[in-house]
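Here's the structure, in structure tokens; my notes come after.
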Amino acid sequence: MPQQRDRRRLVAACLAAVIAFPASLAGGRAAAQGEILLTLANPTLAAGSREIALTEADLLALPQVGIRTSNEFVTGRPLFEGPLARDVIALIGRGSATRALMIAANDFTVEIDLSEFDRYDVIFALRQDGRPLSRRDKGPIWVIYPMDDHPELQDPKFNNRLVWQLIRVELR
Numbered sequence: 163m164p165q166q167r168d169r170r171r172l173v174a175a176c177l178a179a180v181i182a183f184p185a186s187l188a189g190g191r192a193a194a195q196g197e198i199l200l201t202l203a204n205p206t207l208a209a210g211s212r213e214i215a216l217t218e219a220d221l222l223a224l225p226q227v228g229i230r231t232s233n234e235f236v237t238g239r240p241l242f243e244g245p246l247a248r249d250v251i252a253l254i255g256r257g258s259a260t261r262a263l264m265i266a267a268n269d270f271t272v273e274i275d276l277s278e279f280d281r282y283d284v285i286f287a288l289r290q291d292g293r294p295l296s297r298r299d300k301g302p303i304w305v306i307y308p309m310d311d312h313p314e315l316q317d318p319k320f321n322n323r324l325v326w327q328l329i330r331v332e333l334r
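If you use the numbering used here, the sequence shown closes out at 334, no skipped numbers anywhere.
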């Protein structure tokens, strides 16, 4: 009887490991369907929703823009695809906000003047070279500036604005 119990435990442990292994890889894949990827907050709004949560489907429903550009975190000039930052911000509305605090999953933050989203076609990239950005590849959302299209974006200060694993934007 004890041997049979041990065998059942072993089988149960092996089964649990087989089931858990793909789940352990989830950190390296794109976000699960329906998962909240990004929260937008705008306390400057007088009325209406001051915070909205967006899924991948919400972001993919917006027009997708491709930017082929280099930056110090990639090799070559990959093609990044995603909605324009200004289109995403428009989902909640700017109100009287002039700045955006970008917050990453690791609590890295940077404040960006919203006029940059008008001046440059900054995207919230969801794909790189046709593949969804995984968490291991700076996804599922990576803020990408068209670095190669504007000489002024070669300034090293813009590298800090390439926020990866973006999870929250707070308008101010």
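C-beta atoms are modelled at their ideal positions from N, C-alpha and C, and glycine is treated no differently.
Since residue i contacts residue j with CB under 8 Å, what's their CB separation in whole angstroms?
i	j	result
T260	P308	Between P308 and T260 the Cβ distance is about 22 Å, and since that is not below 8 Å, they are no contact.
T201	E218	No, T201 and E218 are not in contact; Cβ-Cβ is about 14 Å, not under 8 Å.
I303	L288	6 Å
L333	A252	No, L333 and A252 are not in contact; Cβ-Cβ is about 11 Å, not under 8 Å.
L216	I229	Not quite, the Cβ-Cβ distance comes to about 20 Å (not below 8 Å), so this is no contact.
V250	F286	6 Å
Near residue i, what residues of its chain come up, given a Cβ to Cβ distance below 7 Å and the 5 sequence neighbours on each side ignored?
i	result
R323	V272, I274, V305 and Y307
Leaving aside the five residues before and after residue i along the sequence, list all residues of the same chain whose C-beta is less than 6 Å from its C-beta, in chain order.
i	result
V284	A247 and Y307
A267	Q327 and I329
G257	N204, T206 and L207
Could you spell out where the beta strand (DSSP E) holding residue i opens and where it closes?
i	result
R334	Looking at the DSSP string, R334 is not in any beta strand (DSSP E), and its letter there is neither H nor E.
V305	W304 to I306
Quick one: give me the first and last residue of the alpha helix (DSSP H) that residue i is part of.
i	result
E250	A quick correction: the sequence has Val, not Glu, at residue 250. Counting along the chain, the alpha helix (DSSP H) containing V250 begins and ends at A247 to A252.
E218	E218 to L222
Please name the residue or residues paired with residue i in a DSSP beta bridge.
i	result
E243	G228 and R289
E273	L263
A203	E213 and E332
P294	R289
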